[in-house]
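Take a look at the structure below.
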Amino acid sequence: MFRSIRWQIAFPYVLLILVTLIGLGFYITDFARSTYLSDLDRELGAEALLIADLAKDPILDFTSPSLLDEMAQNWSQRLGKRITIIRADGVVIGESHDDRSQMDNHIGRPEIVQAQQTGSGVSTRYSHTLGDFLLYKAVSLVENGEEIGYVRLAIPLNSVEGQISRLQRALTIATVLITLAAIILAIWIAGRSMQPLRHLTRAVAQIASDAKHAPQLAGEVDQLAVDEIGQLTRAFNAMSIRLNNQIAALKTEQGKMAAVLSEMSDGVLIVDEQGKVQLINPAAEEMFN
Numbered sequence: 000m001f002r003s004i005r006w007q008i009a010f011p012y013v014l015l016i017l018v019t020l021i022g023l024g025f026y027i028t029d030f031a032r033s034t035y036l037s038d039l040d041r042e043l044g045a046e047a048l049l050i051a052d053l054a055k056d057p058i059l060d061f062t063s064p065s066l067l068d069e070m071a072q073n074w075s076q077r078l079g080k081r082i083t084i085i086r087a088d089g090v091v092i093g094e095s096h097d098d099r100s101q102m103d104n105h106i107g108r109p110e111i112v113q114a115q116q117t118g119s120g121v122s123t124r125y126s127h128t129l130g131d132f133l134l135y136k137a138v139s140l141v142e143n144g145e146e147i148g149y150v151r152l153a154i155p156l157n158s159v160e161g162q163i164s165r166l167q168r169a170l171t172i173a174t175v176l177i178t179l180a181a182i183i184l185a186i187w188i189a190g191r192s193m194q195p196l197r198h199l200t201r202a203v204a205q206i207a208s209d210a211k212h213a214p215q216l217a218g219e220v221d222q223l224a225v226d227e228i229g230q231l232t233r234a235f236n237a238m239s240i241r242l243n244n245q246i247a248a249l250k251t252e253q254g255k256m257a258a259v260l261s262e263m264s265d266g267v268l269i270v271d272e273q274g275k276v277q278l279i280n281p282a283a284e285e286m287f288n
């Protein structure tokens, strides 16, 4: 198949489009994932700051251990996110999804460490409590210049991956459709470009099989084309005309010679190097019976 010039033209064209679309798909997917995560980071940060303002007084006046749990659960139901309230020493004092008394000290968690240093922190990791990858966002609670605790929000990343999966499916379908369209277009363009060459090939083959006839391509190929194929067509037609003229001249001379030989009373024989008769006139035929 790839011996055909049509496919030699079409295949690199289609391959280039396919590679470009695949590369573009990976880029768009990575960009979309980073954009979604960035948007989630901002959203979680804004919500965490709001909850931090509301949680300051209950943390400072920590007289009811279950109050912060109830607040965390209430906010979690409204926001659809896991909420954890952590004291400055890393002890969990409010949790929306788990028994806080069974939870480890959180002072060494990456998002808490970042919040200690910059006021907010973010990290992504697997949660054994929920059995899923979560995005964690923590902000510090400061009262009179003193850090009194942290509010951390978490959301499963399956929603992000679901959006990415839908985007990937859409990109895959678009890639397949564009590639099919590119294949059809490339084959059509290559076939149309090769049509004059096919006419030339047939004409040359006809000359090769029957040297007595030199066909012209007028009417088959657009000789007004200014591209290389048009130039080749005009050159071939000029060669075909000259060849026809030469053949006609040879036939005329051959006819003259035959007329002269047939009227001669002397016998004439033309033989080759092996002595085989190549031409004999009627007088010689009569002499040798």
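Residue 137 in numbering that gives the first Met the number 0 sits at position 138 of the sequence shown; the count goes up by one each step and never skips. Backbone N, C-alpha and C fix where the C-beta goes; we use that ideal spot for every residue, glycine too. None of the values given here were measured: they were computed from a predicted structure.
Along the chain, where does the beta strand (DSSP E) that runs through residue i open and close?
| i | result |
| --- | --- |
| glutamate 142 | 131-142 |
| glutamine 277 | 276-279 |
| leucine 152 | 145-155 |
| valine 270 | 268-270 |
| glycine 85 | In the sequence as displayed, the identity of residue 85 is isoleucine instead of glycine. Residues 81-86. |
Out of the options, state which residue places its alpha-carbon closest to the alpha-carbon of residue i.
| i | options | result |
| --- | --- | --- |
| glycine 165 | Leu268, Gly24 and Ala45 | A quick correction: the sequence has arginine, not glycine, at residue 165. When only C-alpha atoms are compared, the closest one is Gly24. |
| alanine 258 | Gly274, Met238 and Ala282 | Ala282 |
| glutamate 227 | Gly254, Met193 and Ile92 | Met193 |
| alanine 204 | Phe235, Leu36 and Gly229 | Phe235 |
| glycine 120 | Ala247, His96 and Ala47 | Ala47 |
| glycine 44 | Asp265, Gly266 and Lys136 | Lys136 |
| aspartate 88 | Gly79, Ser264 and Ile106 | Ile106 |
With residue i as the anchor, note down where its alpha helix (DSSP H) starts and where it stops.
| i | result |
| --- | --- |
| glutamate 301 | Residue numbering for the chain in the displayed model covers 0 to 288; residue 301 lies beyond these limits and cannot be assessed. |
| serine 95 | Per DSSP, serine 95 belongs to no alpha helix (DSSP H) and is neither H nor E. |
| glutamate 252 | 227-262 |
| isoleucine 111 | 109-117 |
Contact criterion: CB-CB distance below 9 angstroms. Does residue i meet it with respect to chain C?
| i | result |
| --- | --- |
| glutamine 273 | Considering every chain present, this structure includes no chain C. It has just one protein chain. |
By Cβ distance, which residues of its chain are closer than 8 angstroms to residue i, with the 5 residues on each side in sequence left out?
| i | result |
| --- | --- |
| arginine 41 | none |
| isoleucine 27 | Leu166 and Leu170 |
| aspartate 60 | none |
Near residue i, which residues of its chain fall below 7 angstroms by C-beta distance, leaving aside the five closest residues on each side in sequence?
| i | result |
| --- | --- |
| valine 90 | Asn104 |
| glycine 190 | Arg5 |
| glycine 118 | Val138 and Ser139 |
| alanine 217 | Reliability of the predicted coordinates at alanine 217 is poor, the pLDDT of 43 falling under 50, and the value obtained from them is presented with this limitation in mind. So the list reads Asn236, once near-sequence residues are dropped. |
Should residue i be labelled buried (16 or more other beta-carbon atoms within 10 Å of its own) or exposed?
| i | result |
| --- | --- |
| lysine 250 | exposed |
| glutamate 94 | buried |
| serine 239 | buried |
| leucine 14 | exposed |
By Cβ distance, which residues of its chain are closer than 6 angstroms to residue i, with the 5 residues on each side in sequence left out?
| i | result |
| --- | --- |
| valine 220 | The predicted position of valine 220 is uncertain, since its pLDDT is 47 and thus under 50; a value taken from the coordinates is nonetheless stated next. Contacts found: Pro195, His198 and Thr232. |
| proline 57 | Leu66 and Leu67 |
| threonine 34 | none |
Are the segment 168-188 and the segment 42-62 touching, with three or more C-beta to C-beta distances below 8 angstroms?
-> no
Cβ contact check for the segment 109-125 and the segment 18-33: 3 or more pairs under 8 angstroms | no
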